[in-house]
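*Asks:*
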Amino acid sequence: MTAIALRPPEVVMRLQRLGAAHPTRLSFLRQLIRRAAREKWRVRKHLFDLDDKGFGRVVYAVETPVRTYSLVAFSTPLDDEKRSDRVIAQAWDTSYVLYDGLPDVADIARLEANAPLQEAGRYTRSELVLARANKSVRLFKEVATALARGQQPDEEQLLGVGYLLRTTAVYGNGKFGIADRDDISSRPELAGSFQAEMLTVWLIRSFTFDLVDHIARRRNPAGAARLAPELRRALGVGNATGLGMAPFLVRHPLLTHSWFLARETALARVRAEPHG
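For what it's worth, the working numbering labels the leading residue of the sequence shown as 892, then goes sequentially.
#1: By how many angstroms is the C-alpha of D943 removed from the C-alpha of R916?
#2: Quick check: what's the CA-CA separation for K931 versus G1065?
#3: How many Å lie between V1061 and E901 at the Cα?
#4: Verify whether the separation of the beta carbon atoms of A1006 and F965 is less than 7 angstroms.
#5: Note the first and the last residue of the continuous beta strand (DSSP E) segment covering L941.
#6: Rounded to the nearest angstrom, what separates H1105 and A1082 at their Cα positions?
#7: Going by C-alpha to C-alpha distance, which of K936, A927 and I979 sits closest to V957?
#8: Counting along the chain, where does the alpha helix (DSSP H) carrying A1006 start and finish?
#9: Among the residues of its own chain, which have a CB less than 6 angstroms from the CB of R1072, if the five just before and after it don't count?
#10: If you draw a straight line from the C-alpha of V934 to the C-alpha of F1098, how long is it?
#11: Please name the residue, chosen from M1089, H1166, E1010 and I1095, that lies closest to Q922 on a Cα-to-Cα basis.
#12: Compare the Cα-Cα distances from P994 to each of N1111, K936, E1164 and L1102 and report the closest residue.
#13: Quick one, which of A1087, G1068 and A1131 has its alpha-carbon nearest S1077's?
#14: Along the chain, where does the beta strand (DSSP E) that runs through S961 open and close?
#15: Under DSSP, the alpha helix (DSSP H) around D1101 begins and ends at which residues?
#16: As an exercise, report each continuous alpha helix (DSSP H) stretch of at least 4 residues that is fully enclosed by the segment 1042-1079, in chain order.
#17: Given a threshold of 16 other Cβ atoms within 10 Å of its Cβ, counted over all protein chains shown, does L1160 qualify as buried or as exposed?
#18: Taking buried to mean at least 16 other C-beta atoms within 10 Å of its own C-beta, is T1059 buried or exposed?
#19: Taking the alpha carbon of I979 as the point to measure from, which residue in D1074, F1031, L1152 and L1134 has its own alpha carbon closest?
#20: Work out the CA separation of G1129 and S975 for me, nearest whole Å.
#21: Note down, in chain order, each residue of its chain lying with its Cβ closer than 8 angstroms to the Cβ of L920, except the 5 sequence neighbours on either side.
#22: Who are the Cβ neighbours of A896 in its own chain at under 8 angstroms, not counting the five residues just before and after it?
#23: Which residue comes first and which comes last in the beta strand (DSSP E) that contains R1023?
#24: Under the rule that 16 or more other beta-carbon atoms within 10 Å means buried, what is N1025, buried or exposed?
#25: Sort L1056, S961 and R1117 by Cα distance to D984 and report the nearest one.
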């Protein structure tokens, strides 16, 4: 096998190239999904309490071989003039907590009083991740309307956006009183980089589909369609700004180097394999 040199930093570390990078087997979410499939994690709805307009609370329980985690989601009314993806926003369409275990009635009530407040709320070490997201309002409404009519939404328009909800923050690692990284770093399923955060976003994606299906079904119980599986597979969760990545890259150059070195080494080894 002929050795191939790694691409130089001035080629790899360009914003245009980084922004167009595709996920690989080394990507954080891919690592999580492989483990979930290998260990046969079970995801179920523990609570689904939404009104006709899709406002209320939902709990998804994720049962791993050793322990259970829960996404506690809250969907709340929000005036259009208050919807903002900026850091200074004070209200959002949806808010979330990744909970360590299965929350009881009192836990859910406590989180319902605090999670929609985000930074202004009060949290405990049982909360592993705090997140929030806004709807892609026009597209979300159009998808819900199409499904309520028994139709699928316009595929080109849907895939042109790529998401129905976009996160405006996903907080972990002890922010605002939630659990410190040391509390979970010895757990194999969360030991890797950003595994708790990726689990949260993965579950938010599922909530997105359940939310729009629920609204459509409440509008037309007998004739509503569900979002088609092939469209679900093509959709993800949007990211409003990615603003937090800027200081992260500045503060953690060695970690960033390690991630890209691993990817570039893997690419070089594959390119060096003989092709016959």
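Just so you know, even glycine gets a beta-carbon here, dropped at the ideal spot from N, CA and C. In this text the structure is predicted, and so the values were computed from the model without any measurement.
*Replies:* A quick look at the data gives this:
#1: 40 angstroms
#2: 29 angstroms
#3: 30 angstroms
#4: yes
#5: R933 to L941
#6: 35 angstroms
#7: A927
#8: First-last for A1006: undefined, no H or E at that position.
#9: N1064
#10: 12 angstroms
#11: M1089
#12: K936
#13: A1087
#14: T959 to S966
#15: Q1086 to R1110
#16: 1046-1052
#17: Going by the sequence as given, residue 1160 is Arg instead of Leu. It counts as exposed.
#18: buried
#19: L1134
#20: 14 angstroms
#21: P914, M1089, V1092 and W1093
#22: A1159
#23: E1018 to K1026
#24: buried
#25: L1056
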